[in-house]
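Visitor:
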Amino acid sequence: DDNNTKRDIGLFAARDFKKGEVVYSRKTNAVYFQEVPTWINFLHSVSDQDACLALELTSMKRVSTPGRLVLELMLDEGGFMRRLKASSAAKEEEEDDDDEEEDEDE
114 DDNNTKRDIG LFAARDFKKG EVVYSRKTNA VYFQEVPTWI NFLHSVSDQD
164 ACLALELTSM KRVSTPGRLV LELMLDEGGF MRRLKASSAA KEEEEDDDDE
214 EEDEDE
């Protein structure tokens, strides 16, 4: 795989969904890192593109009280859905900004 080749991820449905239909039930498929150096070593062990994706899909998770935290890398469909939703929202915001600039130019 050439690092200059643009790849993107997405989800594809095998059928149409009805409005309001549940399409994801959050069956957790995650990797947990208890120490930041271990997580960094993991990021260095994968391709640059996969490391960027892992960064987007990683969050802190409280696993005990009073507050032990771990890094949680979500590897399920929900992570991709959140990423696609955020990407769509960013594109819409960018298009709105472009429209506003065009209106100002007129």
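Residue numbers for the sequence shown follow my numbering, beginning at 114 and rising by one. The beta carbon of each residue, even a glycine, is placed where N, CA and C say it ideally should be.
1. Which residues does DSSP pair with F125 in a beta bridge?
2. Tell me which residues share the same chain as W152 and place their Cβ nearer than 7 angstroms to its Cβ, disregarding the 5 neighbours each side in the sequence.
3. Which word fits L170, buried or exposed, when buried means at least 16 other C-beta atoms lie within 10 angstroms of its C-beta?
4. Roughly how many whole angstroms lie between the Cα atoms of D189 and D129?
5. Hey, could you find the ends of the alpha helix (DSSP H) E169 is sitting in?
6. Using a Cβ-Cβ cut-off of 6 angstroms (strictly less than) and excluding sequence neighbours within five positions of G180, which residues of its own chain qualify?
7. Apart from the five residues just before and just after A164, which ones in its own chain have a Cβ nearer than 6 angstroms to its Cβ?
8. Let's see if you can read the secondary structure: which residues bound the alpha helix (DSSP H) around F155?
9. Could you give the DSSP three-state label for L188: helix, strand or coil?
10. Kindly examine the ligand FAD and report whether one of its heavy atoms sits closer than 7 angstroms to the Cβ of E148.
Guide: According to the data block:
1. F125 is not bridged to any residue.
2. Within its own chain, the residues whose Cβ lies closer than 7 angstroms to the Cβ of W152, once the five positions on either side in sequence are excluded, are F146 and L184, listed in chain order.
3. Sixteen is the threshold: when 16 or more other Cβ atoms of the shown chains lie within 10 Å of the Cβ of L170, as they do, the residue is buried.
4. In this model, D189 and D129 are separated by some 21 angstroms (Cα to Cα).
5. Note, E169: alpha helix (DSSP H), D161 to E169.
6. Closer than 6 angstroms at the Cβ level, and outside the excluded window around G180, lies no residue.
7. So the qualifying residues of the chain are L156.
8. Counting along the chain, the alpha helix (DSSP H) containing F155 begins and ends at V149 to S158.
9. If DSSP states are grouped into helix, strand and coil, L188 belongs with coil.
10. No copy of the ligand FAD occurs in the structure displayed, which carries no ligand at all.
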